[in-house]
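Here my numbering is used: the sequence shown runs in plain steps of one and ends on residue 107.
Don't be surprised by glycine CBs; every beta carbon is placed ideally from N, CA and C.
Take a look at the structure set out below.
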Amino acid sequence: MNYLVVVDDEESVRRSLKRALEREGYGVLLAENGDMAIELIKNRPQGIETVISDFRMPGKDGLQTLTEVRKLNPEITRIMLTGYATMAYPVSMILVISGFSFLTSVS
1 MNYLVVVDDE ESVRRSLKRA LEREGYGVLL AENGDMAIEL IKNRPQGIET
51 VISDFRMPGK DGLQTLTEVR KLNPEITRIM LTGYATMAYP VSMILVISGF
101 SFLTSVS
């Protein structure tokens, strides 16, 4: 089975996304920060197809995390998620240029 990795420092967001994605038939792995996500990917180099990461997190932010994911495996789909609507446009422009997908979450 291929998996999606959900990276968010808020446990409630991780759990909500996991429930929703599993209802749709996806296998979901959770990481509370960028370093944890990178370790998951290194431990399952062939099993991860998508990483969904929060933008603002302590330590590695979402952009740093997804940039490292791309270096590890450019075939992994990378999606940035943020609840900060005022940041949506500038962040989306950075991400489009960087080759990432971008979603705004409902807070």
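| query | result |
| --- | --- |
| Taking the alpha helix (DSSP H) that residue 35 belongs to, which residues open and close that run? | 34-43 |
| So, at 8 Å on beta carbons, what are the nonlocal neighbours of residue 11 in its own chain, with the 5 sequence-adjacent residues on each side left out? | 32 |
| Which first and last residues belong to the alpha helix (DSSP H) in which residue 62 is found? | 62-72 |
| For residue 22, collect the residues of the same chain with a Cβ closer than 6 Å to its Cβ; drop the 5 residues on either side in sequence, then sort them by chain order. | 28 |
| Return the first residue and the last residue of the beta strand (DSSP E) that residue 49 is part of. | 48-54 |
| Would residue 66 and residue 8 be called neighbours here (beta carbons separated by less than 9 Å)? | no |
| Expressed to the nearest angstrom, what Euclidean distance is found between the alpha-carbon atoms of residue 60 and residue 6? | 14 Å |
| Roughly how many angstroms separate the alpha carbons of residue 49 and residue 41, rounded to a whole number? | 10 Å |
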